[in-house]
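Enquirer: Got a structure for you, questions after.
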Amino acid sequence: MQETRTFSDKIFLVIKGILMGAANKVPGVSGGMVAFVAGFYEEFIFSLRRINLNSLKLLVNGRFRSLWYYTNGRFLSLLVLGMVISYFSVSLLLDYLITHYELYVWATFFGMILGSIYYISKDFEEWNQRNIGFVLLGILVGVSISFLEPASQNDNLWFVFFCGIIGVSGMTLPGLSGSFILILLGNYVLLLVDSVNALFLTLSDVATFDFSFTHDEDRMRLLQVLLVFTAGSVAGLVSLSHVLGFLLKHYKNRTFAVIIGFITGSLGVVWPWKEAEFRRDSQGAFLFDKNGDRIIDNYDRYIPELSAFNTWLAVLFIVLGAAIVLWIAFVELRNKKNHE
C-alpha cells in the first residue's frame, strides 16, 4: 500500500491535511469532502482500516517498521501533521474571519461545495434509477440534519465518548459535518472550544514548569472530557473506516451516490445568507462560553436582496470557492498523470 512519494507530493499531502483540518473546524463543512475531491479518499479509508488486530500485534511484538508499512504510516502521518498545523494556525484564522467577515466565509465554503458537487458528479458514470435514488436519500439526510434543533450541553463522559464517535464522521463521510453534528448534540463549545483551550493553557503551563493547574477542578475536568472525546474519536474513526471500506469494496457506486447526496444536502447548512440564533437560558438571557462569546444555537436562513452590494460580493466569493476546489482537483489529476 505504501507508495513512493516525491518531496513535492509530501508537501502537497501536508497541505491537504491542513485543508481537512480547516474544513473539520467549520460547522457544515466536511474534511472528508476535501479527501474525496482531492482524490485520496479511498487511500485514506483503506489506510485507516489497517488499524486493526494485525497492527496491534505488530505493535506489541515491537515490529515498528512493519507496522509503519502495514498502516501506510507515511501517508497518515503527513495528513495528521497537516491537521495539527491547521488546528493551531488556519483554524484560528478561520475563527477571526467568521467573526468579522461571516457572509464571505460562508459564501466561499458554499462555492467550494458547489465545485465539489460538479467535480464528483461529472466523473460518476452510473447514473441509473437506483443510484439516483441513493443520491436523493443522501440529499434528504443532509437537508434534514440542517434543520434539527440542537440539544443542551452535556459533559457526561459516556455521552462525550459518543460525541467523539459521531463527531468524527466529518473526516470519514464527505458531506456530513462533524462540527455541525456536535452543535446539534449541544457539545460543540465544550469539545472544540473550551476543552481545546484548556489543553493549550495546560501545555503552556507545563512548558514553564507550572503544575498548579492540577488543583484547578474545572481545568482537570475539561482535560478529562477532551481525553474521553479523543478516545471516542479514535474508536469512531477506526470503526467507521472499516464499515466504509466494506461498502467501497462491495457497493462502490451506490456509496459514491449517497456521498454525492450528502455533499449536496450540506449546502443547506452552509447557505451564506443566515443569521446566528444564540442559546438562551429559561429566563431568556443569552448564554456565554468561557471566552465570553455567545453560544450559537442554530441559524435562521433568508433570501438576500439582489440589489445589495454585499450580495454580489458574496456571489464573487462563491465563484472563488468553486475555483479553489477545481484548481485543487486539477493539480491532483495532473500529479497522477505525471506518475503514470
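Counting with our numbering, you get residues 804 to 1143 for the letters of the sequence shown.
Beta carbons are placed, not taken as given, at the ideal position from N, Cα and C, and that holds for glycine.
(1) Would you call the region 1045-1062 and the region 982-995 in contact, with 3 or more CB pairs under 8 Å?
(2) Measuring CB to CB, does I948 end up less than 9 Å from V1072?
(3) Among the residues of its own chain, which have a CB less than 8 Å from the CB of A1034, if the five just before and after it don't count?
(4) By a C-beta neighbour count over all protein chains shown, 10 Å radius and 16 as the cutoff for buried, is V992 buried or exposed?
(5) Just curious, the alpha helix (DSSP H) that T1017 is in, first and last residue?
(6) According to the neighbour-count rule (16 or more other Cβ atoms, all chains shown, within 10 Å of its Cβ), is L895 buried or exposed?
(7) Just list the residues that DSSP pairs K860 with in beta bridges.
(8) When you compare the CB positions of G842 and A1132, do they come within less than 9 Å of one another, or not?
(9) Under the rule that 16 or more other beta-carbon atoms within 10 Å means buried, what is G834, buried or exposed?
(10) Considering just the uninterrupted stretch of the alpha helix (DSSP H) at D1008, what are its terminal residues?
(11) Expressed to the nearest angstrom, what Euclidean distance is found between the alpha-carbon atoms of W909 and P1075?
(12) Quick check on the DSSP output: the alpha helix (DSSP H) that includes T1067 runs from which residue to which?
(13) Hey, which unbroken runs of the alpha helix (DSSP H) at 4 residues or more fall wholly within the region 933-994?
(14) What are the boundary residues of the alpha helix (DSSP H) that includes I848?
(15) Can you tell me whether I1066 is buried or exposed, with buried defined as 16 or more other CB within 10 angstroms of its CB?
(16) For my contact list, V837 and A826 are in at a C-beta cut-off of 8 Å; report their separation, rounded to the angstrom.
(17) One question on the structure: do V887 and I1063 come within less than 9 Å of each other, judged by their Cβ atoms?
Expert: Concretely, from the data shown:
(1) Counting C-beta pairs with one atom in each stretch, the region 1045-1062 and the region 982-995 have fewer than three that are closer than 8 Å, which means they do not touch.
(2) Working through the sequence shown from its first residue, we reach residue 948 at position 145. Working through the sequence shown from its first residue, we reach residue 1072 at position 269. Annotated as proximal: I948 and V1072, with beta-carbon spacing under 9 Å.
(3) The residue given as residue 1034 occupies position 231 in the sequence shown. By the criterion of a C-beta distance shorter than 8 Å, A1034 is surrounded in its chain by F964, G967, once the five residues flanking it on both sides are discounted.
(4) Working through the sequence shown from its first residue, we reach residue 992 at position 189. So V992 counts as buried.
(5) In the sequence shown, the residue the question calls residue 1017 occupies position 214. In the DSSP assignment, T1017 falls outside any alpha helix (DSSP H), carrying neither H nor E.
(6) As a position in the sequence shown, residue 895 is number 92, starting the count at 1. Within 10 angstroms of the beta-carbon of L895 lie fewer than 16 other beta-carbons, which makes it exposed.
(7) Here residue 860 corresponds to residue number 57 of the sequence shown, with the count starting at 1. K860 pairs with nothing; no bridge assigned.
(8) Locating residue 842 in the sequence shown gives position 39, where the first residue counts as 1. Locating residue 1132 in the sequence shown gives position 329, where the first residue counts as 1. Between G842 and A1132, the C-beta gap is smaller than 9 Å, which places the two residues in contact.
(9) For the purposes of this step, residue 834 is identified with residue 31 of the sequence shown, where counting begins at 1. Here G834 is buried, its C-beta having at least 16 other C-beta atoms within 10 Å.
(10) Counted from its first residue, the sequence shown places residue 1008 at position 205. Counting along the chain, the alpha helix (DSSP H) containing D1008 begins and ends at 998-1010.
(11) In the sequence shown, the residue the question calls residue 909 occupies position 106. In the sequence shown, the residue the question calls residue 1075 occupies position 272. Taking the straight line joining both Cα atoms gives about 5 Å.
(12) Working through the sequence shown from its first residue, we reach residue 1067 at position 264. First-last of the alpha helix (DSSP H) with T1067: 1055-1068.
(13) The alpha helix (DSSP H) runs of length 4 or more contained entirely in the region 933-994 are, from start to end of the chain, 960-970, 972-975, 981-987.
(14) Here residue 848 corresponds to residue number 45 of the sequence shown, with the count starting at 1. For I848, the enclosing alpha helix (DSSP H) begins and ends at 844-852.
(15) Here residue 1066 refers to the residue found at position 263 of the sequence shown. In this structure I1066 is buried. Its beta-carbon is surrounded by 16 or more other beta-carbon atoms within 10 angstroms.
(16) Locating residue 837 in the sequence shown gives position 34, counting from the first residue. Locating residue 826 in the sequence shown gives position 23, counting from the first residue. So it is a contact: roughly 5 Å between Cβ atoms.
(17) As a working note, residue 887 is residue 84 in the sequence shown. As a working note, residue 1063 is residue 260 in the sequence shown. Not a contact, by the Cβ cut-off of 9 Å.
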